[in-house]
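Beneath this line is the structure, given in structure tokens, with notes to follow.
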Amino acid sequence: MSRDEQICNCMGITRGEIEDAIKAKGLKTVEEVGEETSAGTVCGGCQDQIQEIIDEING
560 MSRDEQICNC MGITRGEIED AIKAKGLKTV EEVGEETSAG TVCGGCQDQI QEIIDEING
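All residue numbers for the sequence shown refer to our numbering, where the first residue is 560 and numbers rise by one.
Structure (structure tokens):
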């Protein structure tokens, strides 16, 4: 998937921004990603996608 893909429509957060935050900060939960990037904190509709990205990176 493209790093430019918008994951969180409410906050305008891209896949690349989420990936970078997970890698840089060692984030392991959707809540931690939300605290760091604001992704998934408004409607919650992207939280499953955020979890998939976390799982891909942290395997």
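We put the beta carbon where it would ideally sit given N, CA and C, even for glycine. Bear in mind the structure is a predicted one, so any value in this text is a computation, not a measurement.
- In this structure, the alpha-carbon of LEU586 lies about 14 Å from that of GLN606.
- A residue is called buried once 16 or more other Cβ atoms fall within 10 Å of its Cβ, and CYS602, having fewer, is exposed.
- Residues ILE581, LEU586, LYS587, THR588, VAL589, VAL592 of the same chain have their beta carbon placed closer than 8 Å to that of ILE613, with the five preceding and five following residues left out of the count.
- Membership of THR596 in the alpha helix (DSSP H) is indicated by the continuous run 589-596.
- Only residues of its own chain outside the window of five on either side were considered, and among them none has a CB closer than 6 Å to the CB of ASP579.
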